[in-house]
Every structure is written in C-alpha cells, then in structure tokens.
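Residue numbers (the numbering used here): 709 to 761.
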C-alpha cells in the first residue's frame with residue numbers, strides 16, 4: 709500500500725480533521741494518531757499505521 713500524506717487542519721474533541729495532499733478530507737480519532745499530533749502536523753499513513761513527519 710502506497711503512503712498517503714495528510715495535514716491536520718483542526719482538532720474537534722477526540723477527532724482530527726485532515727486533508728491529504730490530493731485534497732481528500734478525512735476525520736480520524738485522535739487515539740489512532742501518533743502522540744504529539746496537533747493542528748498543522750504532517751502525517752503519513754502506510755499499511756494502516758500513522759507516522760508523524
């Protein structure tokens with residue numbers, strides 16, 4: 709599975725709202741994201757795992 713890159717746009721309670729580099733919007737529960745993810749963070753999803761860049 710190819711990596712997909714996202715930027716966190718906002719955090720609403722327990723959910724992060726983010727947009728991929730290709731413009732797809734996504735909402736993900738914060739507990740699934742790496743510790744330290746905040747608004748403006750760059751994230752990579754590959755093989756169903758998230759990494760903080």
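Cβ coordinates follow ideal geometry from the N, Cα and C atoms, glycine included.
Beta-carbon proximity list for residue i, same chain, < 8 Å, skipping 5 on both sides
{"i": "residue 727", "result": "714, 715, 717, 733 and 734"}
{"i": "residue 746", "result": "716 and 719"}
{"i": "residue 739", "result": "722"}
N- and C-terminal bounds of the beta strand (DSSP E) containing residue i
{"i": "residue 728", "result": "723-728"}
{"i": "residue 719", "result": "712-720"}
{"i": "residue 760", "result": "757-760"}
Same chain, Cβ closer than 7 Å to residue i, five either side skipped, listed in chain order
{"i": "residue 737", "result": "722 and 723"}
{"i": "residue 744", "result": "760"}
{"i": "residue 729", "result": "713"}
DSSP-derived helix/strand/coil call for residue i
{"i": "residue 738", "result": "helix"}
{"i": "residue 747", "result": "coil"}
{"i": "residue 709", "result": "coil"}
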